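The next block holds one structure in the form of structure tokens; read it before the comments.
Protein chains: 4
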Amino acid sequence: MHDDCWVVLYGKAYDLTKFAKVHPGGAKLITDAAGMDATAIFDPIHPKDIMDKLLKPALTMGVVDTTTIKPEHVCKPPEAHKPAPKKKKAVKADDGAEEEEEFKKPPLAAMLNSFDFESVAREVMEPQAWGYYSSGGDDEITLRDNHLAFQRITMRPRILVNVREIDMTTKILGVPASLPLYFTATALAKLAHQEGELAIVKAAKKAGVPYMLPTLSSYTLDEMLAARTPDQVVFSQLYVNPERSRSEEYVAKLEQAGVQALFVTVDAPQLGRREKDMRNKFTQQGSDVQGDDEDEGAVDRSQGATRAISSYIDPGLNWEDVPWLKSITKMKVLLKGVQCAEDAVMAYKSGLAGCVLSNHGGRQLDTCRPGIEVLPEVMEAVRAEGATKENFAVFIDGGVRRGGDVFKAVALGAQAVGVGRPVLYSLASYGQNGIVRMVHMLQDELQMVMRLAGTPNIPSITEKHVITTNLADHIVPLPIDNLTHKTYQGLEPAARL
Amino acid sequence: MHDDCWVVLYGKAYDLTKFAKVHPGGAKLITDAAGMDATAIFDPIHPKDIMDKLLKPALTMGVVDTTTIKPEHVCKPPEAHKPAPKKKKAVKADDGAEEEEEFKKPPLAAMLNSFDFESVAREVMEPQAWGYYSSGGDDEITLRDNHLAFQRITMRPRILVNVREIDMTTKILGVPASLPLYFTATALAKLAHQEGELAIVKAAKKAGVPYMLPTLSSYTLDEMLAARTPDQVVFSQLYVNPERSRSEEYVAKLEQAGVQALFVTVDAPQLGRREKDMRNKFTQQGSDVQGDDEDEGAVDRSQGATRAISSYIDPGLNWEDVPWLKSITKMKVLLKGVQCAEDAVMAYKSGLAGCVLSNHGGRQLDTCRPGIEVLPEVMEAVRAEGATKENFAVFIDGGVRRGGDVFKAVALGAQAVGVGRPVLYSLASYGQNGIVRMVHMLQDELQMVMRLAGTPNIPSITEKHVITTNLADHIVPLPIDNLTHKTYQGLEPAARL
Amino acid sequence: MHDDCWVVLYGKAYDLTKFAKVHPGGAKLITDAAGMDATAIFDPIHPKDIMDKLLKPALTMGVVDTTTIKPEHVCKPPEAHKPAPKKKKAVKADDGAEEEEEFKKPPLAAMLNSFDFESVAREVMEPQAWGYYSSGGDDEITLRDNHLAFQRITMRPRILVNVREIDMTTKILGVPASLPLYFTATALAKLAHQEGELAIVKAAKKAGVPYMLPTLSSYTLDEMLAARTPDQVVFSQLYVNPERSRSEEYVAKLEQAGVQALFVTVDAPQLGRREKDMRNKFTQQGSDVQGDDEDEGAVDRSQGATRAISSYIDPGLNWEDVPWLKSITKMKVLLKGVQCAEDAVMAYKSGLAGCVLSNHGGRQLDTCRPGIEVLPEVMEAVRAEGATKENFAVFIDGGVRRGGDVFKAVALGAQAVGVGRPVLYSLASYGQNGIVRMVHMLQDELQMVMRLAGTPNIPSITEKHVITTNLADHIVPLPIDNLTHKTYQGLEPAARL
Amino acid sequence: MHDDCWVVLYGKAYDLTKFAKVHPGGAKLITDAAGMDATAIFDPIHPKDIMDKLLKPALTMGVVDTTTIKPEHVCKPPEAHKPAPKKKKAVKADDGAEEEEEFKKPPLAAMLNSFDFESVAREVMEPQAWGYYSSGGDDEITLRDNHLAFQRITMRPRILVNVREIDMTTKILGVPASLPLYFTATALAKLAHQEGELAIVKAAKKAGVPYMLPTLSSYTLDEMLAARTPDQVVFSQLYVNPERSRSEEYVAKLEQAGVQALFVTVDAPQLGRREKDMRNKFTQQGSDVQGDDEDEGAVDRSQGATRAISSYIDPGLNWEDVPWLKSITKMKVLLKGVQCAEDAVMAYKSGLAGCVLSNHGGRQLDTCRPGIEVLPEVMEAVRAEGATKENFAVFIDGGVRRGGDVFKAVALGAQAVGVGRPVLYSLASYGQNGIVRMVHMLQDELQMVMRLAGTPNIPSITEKHVITTNLADHIVPLPIDNLTHKTYQGLEPAARL
């Protein structure tokens, strides 16, 4: 049916037949535009250069004279980004009854922590965009465990330390930062806000932290770079392309623009199965499923998907490619997505500048460990090999939501932590200012934690300030005992009788 | 009252007086048909040959000339398998209110994982059939723990491995399979779908996995065997009959038909107490209880039941019978239902071909361990005795619902895993195609897990890819503290205020 | 106000001024009857001889000629034991809506396990009686933990054992029993059913288990003894009276009547604070509190209570009294309420016949250990001192609700288990027949467990059949993370969308 | 806008421009009174001398002739403390339906435990006052964990000990007390009740326990001291002022008044972020936020706050100040807020009289350990250094709600426990009598626990009476498995069907 799917974008025709199947936004968005000029619906989400980044040159079919396209073959732009329709929300009234009222966005000053932004983002975002950002792999156990892991670490504060002045500034890969935190790369920021990555670049500057530019951005690399202030330092994330020359070009451009470090993503040789997102797409875009036939062989089906995906992320990347990676740039090269000591040691021995312990925000492999949990194992192993803070930087990301989380990561040896979703949620709810305030809240929290822990500056934070006895405890309680539970009559405090 | 219960089936008269008491479908279904030709209501669920398999010859009372039976003594067939009546369902509307709407079966393509099929099956199945399949022993703690156990295993993925091609094919007892998974034996598939086991046989072929034919099937053995394609290999499960000659005949038939392996069930010398199912029957079939008398001695009561059950499953089967088992066939003989190292070692030393670590889907003994939890103990013990993958195959079943579960079992040494309820639920909801798609989803998941774990093929999956520290933790949290809990005012994120 | 509280019972006048304060049924019931003949309201709950058992002789003020009492000074009997008013109950209808309907007691045959009786008892019992039976000490953590502890023990079944015949009969202190279980002493059975302890005596006979007669019964000792069949063996519980001669008389009567063993309660030198019960009384009997004055000294207040209680249970009882206890009877003497190894060893060394590991059904000290959890520690210690099954019997009670619980206790070394509330709940809901059926259900369960565990008789059940790794884990999960939890959008299976 | 904020109080003008930003009650209450005589709204909450205690002399701008102030520049007093408006409350009716009814305060005699007072306080307190008292730091995990930690300790009672007489009296820092408990310092008791700290002083006398006078009280120090009976001994808490002379004056006054011990707070160099309280203020006082600008640098913002706070609590206080502290008084000096062994040893070696293991009621640093959990580590460490009960007293506070909690703290080595919120909640709900009854309930509970544990007096309570195996287990269960959970059909007891 959709055997042949050509689409015109910015005056070029592309063969998206295979790509449609692996479009993270769902095939329908593409197949509906087959044979048409889709520029108007493509532009609000994607950067102009994404086709050149992702698609094989062979699939670019040549230039089209757009003046010759009939109006009925030109997609109309989506309605202007209108304010989200007021939603209804269940509210627990004082008298315990459920009431309904319109959702009224609180003022920015009411945001007291990073969770607040998430709760507002859930209300104001388009459901599809919310689904794309908030979903995780499979049962989302790792997604949720990422933050919970920090609660498995207990604080061990010291008293009677002079904490009049708290200094949380630090250097991240040599770059000064207002606290040990950076904005990690996340895809398609326009789904959150029209200003997308440009707002993040500016907010990073105001907040005084580095931003790791994503490969799969909504704005082009040039646009993102141009949004910097002259003195602003950024990092960049990299998906290695199966056609290495493309990655080489991209890296050269980064280096030329003064980007300081390159984080190569190694935990995504295939995109994770994010079912909440998959369901959203199914429900909202409808489906062209022709009955209930499941006859095709499973292997062919999935191999097809793999082949398409591997057109822009190389699943064959392996340790033998590391020398090539190091050879193409003078930037510091780090691995993003390490999950055990052995691989961290390999990275160190391979002469890389560091690694990020990460499970990709719980979006890839479910039931794996949070970065913070992997950290002690990695620090012990790389130190045993001679690694120091100077020659091998270890970062973590995933689940950082409190200043105390930053503290715990630093205590266990991380040079800094990456935050992703909190940036997107604060961007979605309040734009650039939202991001800045989100960082301010983390700073307020971290300042308090440092003061109350008796650690006036970053170097003073040590392993002795935390207890990790329970960090690796993945406890799944036995199922509840229904028969007992349903007859038992609970105690009630006096005011409830 | 029902002291004497004769029933005519396919022109033969049977004395079902004792059998009625242990009929898994409830006594009433049989006693209501006393003195009648019940063929019409028997046929939709049971295979024609079940009486010969289960009943002692002495209870077959001879041939009846069915033309002489008066119409009022002939049971009417149940109404044709009409589509399940549209059910109402509580739906959380966007505004938080509860609404009611008719259940509309989603298209097959909306099934993203094995849980989806279960949720649809619950809606479309007859309550009695759902109760029979979904229930477990006693408090159903083991039933639910079976899947939870997999969550007590944490993934330890490796990076920078070439995972361009993922090969999950393997051999199960020498039989090629598209992944390390087989369909385990489950009783009475017609309760799920009119095509019953025949659909499972066909789906197994399409999905490329072996099917273990059940003894207590809805179709006859001949019918199941006939549903195979010429090159399709199947296994068979066996309940050993107290009259060994019957089992010998049955096994001979299997061997002659080319069945490759015989799995002898050893965890069901008595049927488990499945209370959800018992209640269903009580509620829906009514009861002929005459008041509240409980005078009869308990021992007599239960011994009666035992005697009746033992008419077709021998509770006296023991290790001394193993040489006989091995003597009657050239098929590989395995034990299904092993739950500790000692018994696995005994099986190995007895020269058997392997064993299945299983608790019978949580339907027998409650609060025992899931197969996946027993696996490390068994692998260590049998390997210490010299067992290898070649001479002793270890399988597990119970709770497998995700491709990651298959991965974890393989990592810990299983040759493959058995799935039971997912087959029944996908059969019940979408027939043969449902089963195939269910396997496809598991394959998609397993492919992703293998790619993200850095294990491109089955042999590359090892113990080092998983963490089992918490696998044996059966944690029952202390009861909640009601007084504290009921006065505490929880935090609310900003959007909820 | 109630400084002087005399009450006439069966023609004798008693000074209940002090006793009223410690009346387990609440002071108001007594003070309301001050100066009156209260026989009519006393008789339905209490035995005729309780005053002689509990009250100091000095407080019996002499005989009253009841013919001289004016009618207005004679309490009226409570209304005849009318069937409990039909109650309303919330019911989850098929469509998810809450409905209300009258509670209809299910037939006895619908009772499938001991929990069922409890659920029916909650509906049919008077709220005060339910409150008295079902309540526990303080936060009721131990009350609920008692049963949960059994779930912290995992089964380790063996296969291929000949389990055609299961024999669960055993001897308890030399007395034959149909299973390793006895009915433990519980107070005031008339609160459950008019036939009270007499029904329990008869049910014990029918069920083939010993009954431990309670000191604080609703029927007199003579009445309970008379309810026995000629060959029926019973045990007896004893609260030691501060006036030792009273206990000596009571014990002599027991011995003369052929009672076989004496269980001396040692865990109740003071009655526990059962707040659910206290609230019930407060709410339902009203209160004569004069404002909010709390001026009296706490010490005086509680010492008063203690003094009154100690009028019939001696809080001074200690190890030096054991020789006296042994000297006054030839019955076997055991301690009921031991909670650690040291005390069990003391009991053994003191020449006692055994002990019951018990926390008094969770009604006394909260956050202490269930009997089943104390068992391994005790067995190891007494065996190290030379104790054997023959010369020192160890029992447990508390939380036994399943046949599997009995199995686990036996596996860990208990000679038998005591059940209390299940007897009261089955008595309350269905009378004597209810108790018998409750035992039958436990027998059915135990038979199944023994058959599935590969243990055809009681001696074959060993420590190797269970896993106790988690038995002593008292896990209190950290409080839930409200901010995270309240914004997270859970996954929904397909049929729920 | 509020750049210049002068306020007149008791005839003096103060420059509160900077202070407003750190006013624990919120800036708006102060800025609304800018340029006015605010005495009338200040007086009901604060002591007259607080300005002298907290504010730098330079900010006292001189005396104002109040007769010259125009009426429109004089704040009106808040309405007289009217009884709280009857609130509505959700009530679970017998038939399961939700009903609404007016909250009716139960009589004092219905208060059976400390939780009851909290539940009543929640209903009768002004929401802001409730928010201020009940809130904790960040996610309130430590706030809630404080009480839960006691449930991680299991009782190990002994039997057959003569417990006729229970003596729970003890000495706290040499001062006789009716039980091992004192009222710890809490701020601003007038928020609970008009009589504030005066009622607490009187209740402490009646209850026979010492009270630790707070620095941040609602009544002046003189007023609190005057409320004592002639023989009543009190302690005092101290926030060390950055201007040491102020603290010296304050301490001298305490010593002169016969105060026996000085507890220097060391866990609050900065006030914790109590978000529930912050939200309350935001919601109820409105906000003057001008749009969503978050432009100002975070560092400046928070440093500003710190500077203001540090005007009355010195964040620079450190171990080198200890000799000074000891030099200015002959009172015993202790540290309040120690959280690990190292600091307790430092305190002991510094010649201090003891310390309080405390996390400030969970109001400061979140995810740190409860005092009771730190206790074993501290006792072992200080004893190893030679500390004895006589020369170094260790206390704990936080989460004490039951007599059993007191028992457990004493068993693990605490000389006594401090209670804070229970005092405020019982004060708020029933005034002075409420506090006394709250202590009576704890005494009743402790008496019962001591009697049932076989420990007739305080010295007989030892480590062997408790089990602490799980005390340090901070278990965070893995997130619930939604897909499994939402399709599973739970068992229902018979009465629920």
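Residue numbers (the UniProt record's numbering), protein chains in the order written: chain A, 1 to 497; chain B, 1 to 497; chain C, 1 to 497; chain D, 1 to 497. Where a beta carbon is used, it is the ideal one built from N, C-alpha and C, also for glycine. The model shown is predicted, which means the values in this text are computed figures rather than measured ones.
Q. Does DSSP put E249 of chain D in a helix, a strand or coil?
A. In the structure shown, E249 of chain D sits in a helix (DSSP, three-state: H, G or I).
Legend entry - Pairwise C-alpha distance: A353 of chain D and A261 of chain D: 9 Å
Notebook entry, point to check: Where does the unbroken alpha helix (DSSP H) through K12 of chain C begin, and where does it stop?
Noted result: Note, K12 of chain C: premise wrong, no alpha helix (DSSP H); beta strand (DSSP E) at 12–15.
Notebook entry, point to check: Assuming N146 of chain C and G337 of chain C make a contact with CB atoms under 8 Å, what is their CB distance in whole Å?
Noted result: The Cβ separation is near 14 Å, so there is no contact.
- Message: Is K486 of chain C close to chain B? Criterion is C-beta to C-beta, closer than 9 Å.
- Response: yes
Would I475 of chain A and P370 of chain D be called neighbours here (beta carbons separated by less than 9 Å)? no
inquiry  = So, under 8 Å CB-CB, I30 of chain D and A20 of chain D are touching, yes? Tell me the CB distance rounded to an integer number of Å.
reply    = Indeed they touch by this definition, with Cβ atoms about 4 Å apart.
What is the rounded straight-line gap between the Cα of N241 of chain C and the Cα of D314 of chain C? 5 Å
Within the 9 Å Cβ cut-off, does S119 of chain A reach chain B? True, the Cβ-Cβ gap to chain B drops below 9 Å.
Just to check my reading of the structure: N318 of chain D and N457 of chain A have Cβ atoms closer than 8 Å, yes? What is that Cβ distance to the nearest angstrom?
Not quite, the Cβ-Cβ distance comes to about 15 Å (not below 8 Å), so this is no contact.
task: Would you verify that the beta carbon of N482 of chain B is, or is not, closer than 9 Å to some beta carbon of chain A?
output: yes
#### Entry: Under 9 Å by beta carbon: chain A residues contacting M278 of chain D
L112
Note to self: I'd like to check one pair, M224 of chain C with V201 of chain C: are the Cβ atoms closer than 9 Å?
What the structure shows: yes
Take V124 of chain B and list the residues in its own chain whose beta-carbon comes closer than 7 Å to its own, dropping the five residues that flank it on each side. A84, K105, A428, S429
Within 8 Å, do at least three Cβ pairs link the segment 127–138 of chain D to the segment 389–406 of chain D? no
* To do: Taking all protein chains shown into account, decide if T469 of chain D is buried (16 or more other Cβ within 10 angstroms of its Cβ) or exposed.
  => Taking all protein chains shown into account, T469 of chain D has fewer than 16 neighbouring C-beta atoms within 10 Å of its C-beta and is therefore exposed.
Legend entry - Local conformation of R307 of chain C per DSSP, three classes: At R307 of chain C the pLDDT is 44, less than 50, meaning the model places this residue with poor confidence; the figure from the coordinates comes in the next sentence. Of the three classes helix, strand and coil, the one that applies to R307 of chain C here is helix, per DSSP.
Only counting the same chain, and skipping five residues up and downstream in sequence, which positions put a Cβ closer than 6 Å to that of A257 of chain D? L225
Using the Cα positions of V345 of chain C and I372 of chain C, report the straight-line distance between them to the nearest angstrom. 17 Å
Tell me the DSSP secondary structure of L365 of chain A in three-state form.
coil
**Report entry** Near-chain C residues of the segment 133–148 of chain A (beta-carbon distance less than 8 Å), N- to C-terminal order
**Finding:** So the list reads S134, D139, E140, R144, H147, L148, given in the order they occur along the chain.
- Query: Is the CB of R228 of chain C under 9 Å away from at least one CB in chain B?
  - Reply: no
field: Neighbour flag for F19 of chain D against chain B, beta carbons, 9 Å
entry: Not one chain B Cβ lies under 9 Å of F19 of chain D.
Problem - Nearest neighbour of T66 of chain C, chosen from C:A13, C:T17, C:K18 [CA to CA] - result: C:A13
task = For A341 of chain A, collect the residues of the same chain with a Cβ closer than 6 Å to its Cβ; drop the 5 residues on either side in sequence, then sort them by chain order.
result = E377, V378, A381
Straight-line CA distance for W6 of chain A to L59 of chain A? Spanning the two alpha carbons is a distance of roughly 10 Å.
Q) Are any of the Cβ atoms in chain B nearer than 9 Å to that of K89 of chain A? A) Bear in mind that a pLDDT of 48 at K89 of chain A, under 50, signals an unreliable position, so the number given afterwards is only what the model happens to contain. Interface residue, yes.
Note to self: Which residues of the segment 378–400 of chain B have a Cβ closer than 7 Å to any Cβ of chain C? Give them in chain order.
What the structure shows: The residues in question: there are none.
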